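Worksheet: one structure, shown below.
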Amino acid sequence: MHIRALDYVKEGKAVPADIDGSVLFHCGPIMVQREDGSWAVIAAGPTTSARMNKLEPEFIRKFHIRAIIGKGGMSKDTAEAMKECGCVYLAATGGAAISLAEGLRKCVGQEWLDLGMAEAMWRFDAEKFGPLVVAIDAKGNSLYDKVNASLVRP
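Residue numbers (the numbering used here): 5 to 158.
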């Protein structure tokens, strides 16, 4: 989804308007389409956010991303883009895919299903979604860096 959106912007193509100012969830959801054509989320566990480090700084800046939800943290370059744009990183618990799916109350749309279920862009109405921990704040402070600095090294 990231590559498609960034490529579309470079090519002058329209991207879904609701990307701008949105919250991203690094997740490969398991979705099921109901008989009426609507979609329901079955599981929605966080995926490792670091795999998006190469794309995320540009994505945050271009689309004014407000928050990213995932697991494992992100790079210093991404944290710097977050600081510039007032974005935060919210860590979700790995292995909690069913619990997190319960907070995604309703699927309200999707884009780019040709990319496959895990890479498509899904839109959700969320309610009581979490728990989440602010792991990188809007000033670029990283809980991951703080923990790593506190580790005793031989």
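For each residue, glycine too, the CB sits at the ideal point set by N, CA and C. The structure presented is a predicted model; accordingly, all values stated were derived computationally and were not measured.
Rounded to whole angstroms, what's the CA-CA distance from residue 11 to residue 5? Just pull it up for me.
Here residue 11 refers to the residue found at position 7 when the sequence shown is read from its first residue. Here residue 5 refers to the residue found at position 1 when the sequence shown is read from its first residue. Distance between the alpha carbons of residue 11 and residue 5 is about 10 Å.
Could you work out which residue in 89, 44 and 7 is closest to residue 2 when comparing CA atoms only?
The chain is shown from 5 up to 158; residue 2 falls before or after that span and cannot be answered.
Could you please give me the residues that DSSP links to residue 126 through a beta bridge?
What you label residue 126 is simply residue 122 of the sequence shown in a count that begins at 1. For residue 126, which the question treats as bridged, DSSP gives the partners 114.
Should the stretch 87-101 be called in touch with the stretch 109-124, which here means at least 3 C-beta pairs below 8 Å?
no
Terminal residues of the continuous beta strand (DSSP E) containing residue 119?
Here residue 119 is taken as the residue at index 115 of the sequence shown, counted from 1. Where residue 119 is concerned, there is no enclosing beta strand (DSSP E), given that its DSSP letter is neither H nor E.
For residue 34, write down the residues that DSSP places opposite it in a beta bridge.
If you number the sequence shown from 1, residue 34 lands on position 30. In the DSSP output, where bridge partners are listed per residue, residue 34 has 47.
Using only the alpha-carbon positions, how far apart do residue 19 and residue 9 sit?
Counted from its first residue, the sequence shown places residue 19 at position 15. Counted from its first residue, the sequence shown places residue 9 at position 5. Each residue's alpha carbon lies about 6 Å from the other.
Can you check the stretch 59-86 for any alpha helix (DSSP H) of at least 4 residues that lies completely inside it and give the ranges in chain order?
60-67
Terminal residues of the continuous beta strand (DSSP E) containing residue 95?
Position 91 of the sequence shown, counted from the first residue, corresponds to residue 95. The continuous beta strand (DSSP E) containing residue 95 extends over residues 92-96.
Measure the CB-CB distance between residue 49 and residue 122 and report whether it falls below 7 Å.
On the sequence shown, position 45 is the one that residue 49 refers to. On the sequence shown, position 118 is the one that residue 122 refers to. Cβ distance not < 7 Å, so residue 49 and residue 122 don't count as in contact.
Could you tell me whether the Cβ atoms of residue 54 and residue 76 are closer together than 7 Å?
In the sequence shown, counting from the first residue as 1, residue 54 sits at position 50. In the sequence shown, counting from the first residue as 1, residue 76 sits at position 72. Using a Cβ distance threshold of 7 Å, residue 54 and residue 76 count as a contacting pair.
Can you list, in chain order, the residues of its chain whose CB lies under 7 Å from that of residue 86, leaving out five sequence neighbours each side?
Translated into positions along the sequence shown, residue 86 becomes position 82. For residue 86, where only same-chain residues beyond five positions count, the Cβ hits under 7 Å are 64, 92, 93, 140, 142 and 144.
By Cβ distance, which residues of its chain are closer than 6 Å to residue 108, with the 5 residues on each side in sequence left out?
By 1-based counting over the sequence shown, the position of residue 108 is 104. Excluding sequence neighbours, residue 108 sits near 45, 48, 128 and 130.
The alpha helix (DSSP H) spanning residue 101 covers which residue range?
In the sequence shown, counting from the first residue as 1, residue 101 sits at position 97. Per DSSP, residue 101 belongs to the alpha helix (DSSP H) from 101-107.
Quick check: residue 57 and residue 42, are their CB atoms within less than 7 Å of each other?
Translated into the one-based positions of the sequence shown, residue 57 becomes position 53. Translated into the one-based positions of the sequence shown, residue 42 becomes position 38. Their beta carbons are not under 7 Å apart, which means residue 57 does not touch residue 42 by this criterion.
Can you give me the start and stop residues for the alpha helix (DSSP H) that residue 156 sits inside?
Here residue 156 corresponds to residue number 152 of the sequence shown, with the count starting at 1. Segment: none, residue 156 is in no alpha helix (DSSP H) and carries neither H nor E.
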